[in-house]
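All letters in the sequence shown, in the order written, are residues 1 to 49 by the UniProt record's numbering. Backbone N, C-alpha and C define an ideal beta-carbon position, used for all residues, glycine too. Keep in mind that this is a model prediction, so the values were computed, not measured. Each remark here refers to the structure printed beneath this line.
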Amino acid sequence: MEIIVLMTLSIWMTRNDRMFNNCHPSVQDCKRKFMYEFSLVIQYSQSRT
1 MEIIVLMTLS IWMTRNDRMF NNCHPSVQDC KRKFMYEFSL VIQYSQSRT
């Protein structure tokens, strides 16, 4: 579930970069954003245990 939400968020942020910051979207950017957000989820879950 979290992976689906994070991937959707990454796609959304990449799209927003295109619309509002005039950045050219790429799959690599989307993957990088996903990995960053996923690392935050992992850190958060480790701190809770």
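Query                                                                                                                                : Result
Cβ of Ser10 within 9 Å of Cβ of Cys30?                                                                                               : yes
If residue 87 sits next to Lys33, beta carbons under 8 Å apart, how far is it from one beta carbon to the other, in whole angstroms? : Because the chain here runs from 1 to 49, residue 87 falls outside it and cannot be looked at.
Could you have a look at Asn21 and say whether DSSP puts it in helix, strand or coil?                                                : coil
Measuring straight from C-alpha to C-alpha, what distance separates Leu40 and Phe20?                                                 : 25 Å
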